[in-house]
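K.L.:
A single structure is presented below for examination.
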Amino acid sequence: MIPRQRQPKPDPRVKDMPLEYLACREGSHHFPWATAKRERIREGGRELRRTVRTCDTCGTVRIDVYNTRTFELVHRHYDYAEGYTTAPGTGRMERTSVRRELFRRIWDEEEEEKEKKEVNA
Ligand SMILES: [Zn+2]
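For our numbering, add 439 to where a residue sits in the sequence shown, where the first one is 1.
Printed below as a string of structure tokens:
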């Protein structure tokens, strides 16, 4: 991988986003199978299986429909948690911008707190 030399573009949208949303945007959602809602459906004469799984990090719901014989994915739909998606036409959030905000919240602020305590000790 070629290292990038530039810093991420400042993206003010990351500031208002909950930590859980940033975590899913930086990595990926986690849709557990154990708690999946399951049902058999018929569509166009085909027997299909539908699963509804909820991300246990951010609450986004993924609805998958599978071919019963081949187990191939027929279609997929996401119902995003409120505030997860960005306004239409505003472009993608760069993963590096998301990551910088995550580091700022869970790493830099922790270090700053630690430094403050050391100064005040
Ligand atoms: Zn998620």
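Just so it is clear, CB atoms sit at the ideal spot from N, CA and C, and this is done for glycine as well.
Indicate, with yes or no, if ligand 1 has a heavy atom lying under 6 angstroms from the CB of H516.
P.N.:
No - ligand 1 has no heavy atom lying nearer than 6 angstroms to the Cβ of H516.
K.L.:
Below 8 angstroms on the Cβ atoms is my contact criterion, and I expect R515 with R531 to pass it. Report the Cβ-Cβ distance as a whole number of Å.
P.N.:
That pair is no contact at about 19 angstroms.
K.L.:
Might you give, ordered along the chain, the residues of its own chain that have their beta carbon closer than 8 angstroms to the beta carbon of R452, omitting 5 neighbours on each side?
P.N.:
Here the set comprises T525, T529 and M532.
K.L.:
Quick one, what's near ligand 1 if you take every residue whose CB is closer than 6 angstroms to any heavy atom, in chain order?
P.N.:
Residues flagged by the Cβ proximity filter: C463, H468, C494, T496, C497 and T499.
K.L.:
Would T499 be called buried (16 or more neighbouring beta carbons within 10 Å of its own) or exposed?
P.N.:
Buried is the call here.
K.L.:
Please go through the segment 488-546 and give each complete beta strand (DSSP E) segment of 3 or more residues, from N-terminal end onward.
P.N.:
Those beta strand (DSSP E) runs which fall completely within the segment 488-546 and span 3+ residues are 500-506 and 512-518.
K.L.:
Of the residues K555, Y523, V504 and Y519, which one's Cα is nearest the Cα of V513?
P.N.:
Checked all of K555, Y523, V504 and Y519; the closest Cα to V513 is V504.
K.L.:
Taking all protein chains shown into account, do 16 or more other C-beta atoms lie within 10 angstroms of the C-beta of V537, making it buried, or fewer, making it exposed?
P.N.:
By the neighbour-count rule (16 or more Cβ atoms within 10 Å), V537 is buried.
K.L.:
Please report the Cβ distance between F470 and C497, rounded to the nearest whole angstrom; I am assuming they are in contact, meaning their Cβ atoms lie under 8 angstroms.
P.N.:
With 8 angstroms as the limit, F470 and C497 do not qualify as a contact, their Cβ atoms being about 11 angstroms apart.
K.L.:
Throw me the rounded Cβ distance for the R479 and R488 pair, which I believe falls under 8 angstroms.
P.N.:
Indeed they touch by this definition, with Cβ atoms about 6 angstroms apart.
K.L.:
For the beta strand (DSSP E) containing K476, list its first residue and its last residue.
P.N.:
Residues K476 to E482.
K.L.:
Look at the alpha carbon of L541 and the alpha carbon of G522, and state the distance between them as a whole number of angstroms.
P.N.:
Cα to Cα, the separation comes out at about 17 angstroms.
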